[in-house]
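Sequence lines, in order, name chains A and B.
Counting from 398, one number per residue, gives the positions in the first sequence under this note's numbering.
Counting from 398, one number per residue, gives the positions in the second sequence under this note's numbering.
2 protein chains.
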Amino acid sequence: MDDVRFMREALREAQRASDAGEVPVGAVIVCANRILARAHNLTETLCDVTAHAEMQAITAASAALGGKFLSECTLYVTLEPCPMCAGALYWAQLGRLVYGAADPKRGYSLLASSLLHPLTEVTTGVLAEESAGMLQKFFRDRR
Amino acid sequence: MDDVRFMREALREAQRASDAGEVPVGAVIVCANRILARAHNLTETLCDVTAHAEMQAITAASAALGGKFLSECTLYVTLEPCPMCAGALYWAQLGRLVYGAADPKRGYSLLASSLLHPLTEVTTGVLAEESAGMLQKFFRDRR
Chain A
398 MDDVRFMREA
408 LREAQRASDA
418 GEVPVGAVIV
428 CANRILARAH
438 NLTETLCDVT
448 AHAEMQAITA
458 ASAALGGKFL
468 SECTLYVTLE
478 PCPMCAGALY
488 WAQLGRLVYG
498 AADPKRGYSL
508 LASSLLHPLT
518 EVTTGVLAEE
528 SAGMLQKFFR
538 DRR
Chain B
398 MDDVRFMREA
408 LREAQRASDA
418 GEVPVGAVIV
428 CANRILARAH
438 NLTETLCDVT
448 AHAEMQAITA
458 ASAALGGKFL
468 SECTLYVTLE
478 PCPMCAGALY
488 WAQLGRLVYG
498 AADPKRGYSL
508 LASSLLHPLT
518 EVTTGVLAEE
528 SAGMLQKFFR
538 DRR
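This is the structure we're talking about:
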């Protein structure tokens, strides 16, 4: 139930991205049942391909913790991370990854499962339909 | 000859990282024979695993260009990029990647060659010995 609750917070962040004209992806990082960081995709606003929701959440959570390792944390993200974000989660030694919709175009799992840290637990498909629906609506409205 | 000249600038950045107690990796991004961005690894200083030299160089170059695509740019980096950085270079659609030493532990080419954008040209081994020597000295001094 907590997974659904925290994923709803990530979906709220995705909605903020959408409202700002950004591809709607949102993330939160949770430690000891508390949200440490909230972020959404800002690649257009910041004119920076590295500004994915996950990257900003990692930076914010590390600042909040005062440490660069997130082995006690769970990242909730509405879309499967790309290889860049998975590579960052490897360095952060993330404890647990929970994502919503799979990304059949650029999801990390398509390229190499070893992109994540071997100790990171993975749960997929949480509120996947809501996440995918928000993405589909965004791209449909842009056509 | 230009490759050697620009890689020397990347090595200068790596030395700055080393002087600051950071793993010595440096990068410059060049467009039309002009250096747009210089950066070095700052993961310890910023307490942030995403603060690799390449990531910061991408962010800085995009800001300098006012655009998030780097298809007309060359990135010079002293060490083979990791999957996170290769994944970022994919999104940036980097024109050309030139690196020094190979990274036999976490180089992107070990995991999946498709981490980079298909249009990115790659040149390896430029001043590789200087780069590897700086890394070896750094880790030897820390033991």
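We put the CB at the ideal spot given by N, CA and C, even for glycine.
| Nearest to M404 of chain B by alpha carbon, out of B:A483, B:I455, B:A525? | B:A525
| request: Could you confirm whether any beta carbon from chain B is found closer than 9 Å to the beta carbon of L512 of chain A? | output: yes
| Which whole-angstrom value describes the C-beta separation of G463 of chain B and E441 of chain B, a residue pair presumed to lie in contact below a C-beta threshold of 8 Å? | No, G463 of chain B and E441 of chain B are not in contact; Cβ-Cβ is about 31 Å, not under 8 Å.
| task | Figure out for me which residue from A:M481, A:L408, A:N438, A:V523 has the closest Cα to the Cα of D400 of chain A. | result | A:V523
| said: So if I threshold CB-CB distances at 7 Å, which residues from the stretch 425–447 of chain B count as touching chain A? | reply: T440, C444, D445, V446, T447
| field | the stretch 528–538 of chain A touching the stretch 504–513 of chain A, judged by at least three CB pairs closer than 8 Å | value | no
| field | Alpha carbon of R413 of chain A to alpha carbon of A436 of chain A, nearest angstrom | value | 9 Å
| field | 8 Å Cβ shell around A429 of chain A - same chain, five flanking residues per side excluded | value | E469
| request: Pull up the DSSP beta-bridge partners for A424 of chain A, would you. | output: A:A436, A:V474
| Given A448 of chain B, which residues of its chain have a CB within under 6 Å of its CB, disregarding the five upstream and five downstream residues? | L439, T440
| task | Throw me the rounded Cβ distance for the N425 of chain A and A411 of chain A pair, which I believe falls under 8 Å. | result | First, the amino acid is wrong: residue 425 of chain A is Val here, not Asn. No, V425 of chain A and A411 of chain A are not in contact; Cβ-Cβ is about 11 Å, not under 8 Å.
| message | Less than 7 Å between C-beta atoms, sequence neighbours within five positions excluded: which residues of the same chain meet that for A457 of chain A? | response | A434, A436
| query | Between which two residues does the beta strand (DSSP E) harbouring L408 of chain B extend? | reply | Per DSSP, L408 of chain B belongs to no beta strand (DSSP E); it is in the alpha helix (DSSP H), 399–416.
| Of the listed residues A:A489, A:A529, A:A483, nearest to A499 of chain A (C-alpha basis) | A:A529
| field | Where G418 of chain A meets chain B, residues with beta-carbon distance less than 9 Å | value | Near G418 of chain A there are no residues of chain B at all, since even the closest Cβ is about 14 Å away, more than 9 Å.
| request: For R431 of chain B, name the three-state secondary structure that DSSP assigns. | output: strand
| said: Could you give the first and the last residue of the continuous beta strand (DSSP E) run that contains L494 of chain B? | reply: 493–498
| said: Among the candidates A:A454, A:M452, A:T475, A:T471, whose CA atom is the shortest distance from the CA of Y496 of chain A? | reply: A:T475
| query | Can you name the residues that DSSP bridges to E518 of chain B? | reply | B:R493
| task | Residues of the stretch 463–474 of chain A with a CB closer than 9 Å to any CB of chain B: list them in chain order, please. | result | G463, G464, K465, F466, L467
| To the nearest whole angstrom, what separates the beta carbons of G506 of chain A and E477 of chain A, a pair I think is in contact under 8 Å? | In the sequence as displayed, the identity of residue 506 of chain A is Ser instead of Gly. With a Cβ gap of about 7 Å, S506 of chain A and E477 of chain A count as contacting.
| task | Rounded to whole angstroms, what's the CA-CA distance from V446 of chain B to A454 of chain A? Just pull it up for me. | result | 12 Å
| field | Segment limits, alpha helix (DSSP H) that includes K534 of chain B | value | 525–539
| request: Would you please verify whether the beta carbon of L532 of chain B is less than 9 Å from any beta carbon of chain A? | output: no
| query | List, in order along the chain, the chain A residues whose C-beta lies closer than 8 Å to that of A567 of chain B? | reply | There is no way to answer for residue 567 of chain B, as the model of chain B reaches only from 398 to 540.
| field | Cross-chain neighbours of A499 of chain A in chain B, by beta carbon under 9 Å | value | Here the premise fails: no neighbours, minimum Cβ distance about 17 Å.
| query | Given a threshold of 16 other Cβ atoms within 10 Å of its Cβ, counted over all protein chains shown, does K465 of chain A qualify as buried or as exposed? | reply | buried
| query | In its own chain, which residues sit with a C-beta less than 6 Å from the C-beta of E451 of chain A, not counting the 5 before and 5 after it? | reply | A424, V474, P478, C482
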